[in-house]
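Protein chains: 2
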Amino acid sequence: MNKTSTGNAQAPRPDGEDGSTPTNRGTARAQVDTAVRSALLTGRFIPGKAVTLRGLAQELGVSPMPVREVIQRLAAENALNVKPNGRVQVPEMSPSRFDEILKARLLLEPELAEMALPQLDHADAKVLEDIDLEIDESISCGNAESYLRLNHAFHFKIYASSNSEILMPLVESLWLQFAPFMRTVYGRVGTANLVDWHKEAIRAIRNDDPTALNAAIAADIRDGMGILGRESLPEI
Amino acid sequence: MNKTSTGNAQAPRPDGEDGSTPTNRGTARAQVDTAVRSALLTGRFIPGKAVTLRGLAQELGVSPMPVREVIQRLAAENALNVKPNGRVQVPEMSPSRFDEILKARLLLEPELAEMALPQLDHADAKVLEDIDLEIDESISCGNAESYLRLNHAFHFKIYASSNSEILMPLVESLWLQFAPFMRTVYGRVGTANLVDWHKEAIRAIRNDDPTALNAAIAADIRDGMGILGRESLPEI
DNA sequence: TTGGCTATTTTGTGATCACAAAATTAGTCG
DNA sequence: CGACTAATTTTGTGATCACAAAATAGCCAA
Chain Z
1 MNKTSTGNAQ APRPDGEDGS TPTNRGTARA QVDTAVRSAL LTGRFIPGKA
51 VTLRGLAQEL GVSPMPVREV IQRLAAENAL NVKPNGRVQV PEMSPSRFDE
101 ILKARLLLEP ELAEMALPQL DHADAKVLED IDLEIDESIS CGNAESYLRL
151 NHAFHFKIYA SSNSEILMPL VESLWLQFAP FMRTVYGRVG TANLVDWHKE
201 AIRAIRNDDP TALNAAIAAD IRDGMGILGR ESLPEI
Chain R
1 MNKTSTGNAQ APRPDGEDGS TPTNRGTARA QVDTAVRSAL LTGRFIPGKA
51 VTLRGLAQEL GVSPMPVREV IQRLAAENAL NVKPNGRVQV PEMSPSRFDE
101 ILKARLLLEP ELAEMALPQL DHADAKVLED IDLEIDESIS CGNAESYLRL
151 NHAFHFKIYA SSNSEILMPL VESLWLQFAP FMRTVYGRVG TANLVDWHKE
201 AIRAIRNDDP TALNAAIAAD IRDGMGILGR ESLPEI
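This is the structure in structure tokens:
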């Protein structure tokens with residue numbers, strides 16, 4: 001007997017029909033994971049949007065299998081909401097959720113920035129400054145999706161230097177939870193009236209001032225969520 | 001022929017061979033999830049232990065499928081470590097990880113307890129007192145697994161009253177991360193020299209004193225992890 | 001037109017399969 | 001006797017299938 005003992009009913013062709021893409025190991029799941037995370041963080045998934053296995057699978061050109069694993073992963077981070085009947089949707093915001101996310105961010109992110117500060121040098125400050133300039137541009141253009149992407153890049157450029165294994169994933173989970181909602185908010189009230197605490201943070205990094213950096217990050221969170229959040233919640 | 005039009009190659013029998021268990025929807029995954037979580041929290045999974053799909057599946061009497069989803073879930077919470085080659089193991093502790101978990105717990109758990117305080121009444125205090133008595137018993141018996149289980153019950157009896165949707169999952173993730181390590185520590189140095197801050201916390205609940213509860217939880221965390229952790233880490 | 005019922009479709013869940021890479025074991029040669 | 005290599009086993013990954021429950025569409029009657 002050869003190695004195929006029983007009838008082969010499925011998946012005889014991992015790639016196209018030529019051996020062009022050898023379908024590297026673990027690629028499909030990573031692709032789905034980054035795609036969905038990116039969509040959540042830039043607000044392309046609206047709160048309440050239904051996420052279906054086969055739908056996402058077809059959209060990304062993979063089988064439902066890697067999608068299932070990614071959905072479980074994101075559900076564990078509370079970035080997706082699995083309803084009791086198994087249906088999955090992007091979580092909707094509620095006042096209590098919003099307040100708690102704000103509280104959690106204020107507890108964790110300033111601390112994380114302080115942890116990162118010793119590893120941040122002037123080159124990093126320059127990169128942050130460039131990102132911040134692009135942010136200003138996005139604001140003046142009213143490009144909410146670009147703003148969300150760059151704001152995320154700014155914060156995590158800082159946090160990444162912390163080499164944190166614990167706080168960092170917690171903060172990433174928080175961002176996945178509030179980002180979709182912020183997109184709808186910015187889409188409604190615009191991004192114009194945002195006070196720019198980023199420049200303050202950059203100055204604190206250049207001065208190697210932990211207290212100032214902590215305060216700048218906290219103020220940025222408070223302004224970014226506080227000012228916009230209140231009048232835009234489903235109900236007060 | 002039966003109603004299956006095409007060849008039926010798999011899963012012809014969802015339950016045993018009599019219709020005893022109709023295999024309720026979503027039971028298998030929940031069963032695996034609670035089993036693995038419980039094993040992690042009570043230290044039955046030692047850090048470094050390899051977790052295999054087929055192994056766990058056979059051990060729990062289910063197909064590898066629900067195990068895959070649970071592993072992805074727990075990996076997303078950093079309760080399991082997926083190595084670059086796909087192998088999964090219970091994460092090992094490192095000094096930096098330990099310090100960061102301690103820091104994160106001190107940031108989140110006292111706050112969570114304070115949030116819970118308004119919802120805690122004297123009946124809850126009584127339940128907590130009973131749990132604490134059992135904890136004392138476990139300590140005197142040197143039963144580390146029972147101690148871990150009851151200590152978890154004590155803390156989360158408090159936290160559950162917070163009705164938290166955000167902080168609570170973060171704290172659960174933290175517990176899953178340090179519990180397996182604590183089991184090995186308690187197994188080595190014993191549970192005898194634990195200062196009991198639980199009674200202080202119960203008193204604070206009875207007095208409706210947020211500051212005292214905050215302080216008691218913080219002290220409990222510091223003592224539980226600080227005293228034991230240092231001399232037991234792999235390397236300093 | 002509308003309310004309720006039925007039929008169809010959609011969707012998540014559990015299971016098995018084929019395959020490749022990795023780990024383990026066996027075997028052999030120096 | 002030890003180290004290197006080849007064969008075997010283990011293990012994760014992606015895919016398809018059958019099934020049940022839920023959601024939707026369709027339909028008929030009041």
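One line per chain: the protein sequences are Z and R, in this order. Under the UniProt record's numbering, read the first sequence as residues 1 to 236, first letter to last. Under the UniProt record's numbering, read the second sequence as residues 1 to 236, first letter to last. From the three backbone atoms N, C-alpha and C, an ideal C-beta is built for every residue, glycine too.
Check, Outcome
"R/N151 to R/P169 span [Cα, whole Å]", "17 Å"
"Buried or exposed (CB count within 10 angstroms, at least 16 for buried), Z/L117", "buried"
"Cβ neighbours of R/K83 in the same chain (closer than 8 Å, five flanking residues each side left out)", "Q89"
"Those residues which DSSP pairs with R/N81 across a bridge", "R/Q89"
"Per DSSP, the bridge partner or partners of Z/A50", "Z/Q89"
"Own chain residues within Cβ distance below 7 Å of Z/V127, not counting five before or after", "K157"
"Neighbour-count burial assignment, R/P95, 16 or more Cβ in a 10 Å radius", "exposed"
"R/M115, enclosing alpha helix (DSSP H) - first and last residue", "P95 to A116"
"Beta-carbon proximity check, R/E77 vs Z/A76, cutoff 8 Å", "yes"
"Distance CB(R/S164)-CB(R/L120) smaller than 8 Å", "no"
"Cβ-Cβ distance between Z/R97 and Z/L174 below 8 Å", "no"
"Per-residue contacts from R/E100 into chain Z (C-beta, under 8 Å)", "S164, E165, I166 and L167"
"R/L148 - containing alpha helix (DSSP H), residue span", "A144 to A160"
"Any chain Z beta carbon closer than 8 Å to R/G48", "no"
"Nearest-angstrom Cα separation, counted from Z/W197 out to Z/A219", "7 Å"
"R/M182 versus Z/T42 - alpha carbon distance", "39 Å"
"Given 8 Å, three or more beta-carbon pairs between the segment 131-145 of chain R and the segment 35-51 of chain Z", "no"
"Sequence-distant residues of the same chain with beta carbon closer than 8 Å to Z/L60, five excluded per side", "Q31, V32, A35 and V67"
"Residues near R/A179 in its chain [Cβ-Cβ closer than 7 Å; skip 5 each side]", "L40, L41, G43 and L148"
"Three-way DSSP call (helix, strand, coil) for Z/F45 in this model", "coil"
"Min CB distance Z/G224 to chain R below 8 Å", "no"
"CA nearest to the CA of R/V62, picked from R/D209, R/S140, R/G26 and R/I205", "R/G26"
"Extent of the continuous alpha helix (DSSP H) run through R/V70", "P64 to A76"
"For R/V127, the first and last residue of its enclosing alpha helix (DSSP H)", "H122 to C141"
"R/E109 at chain Z interface by Cβ criterion, 8 Å", "no"
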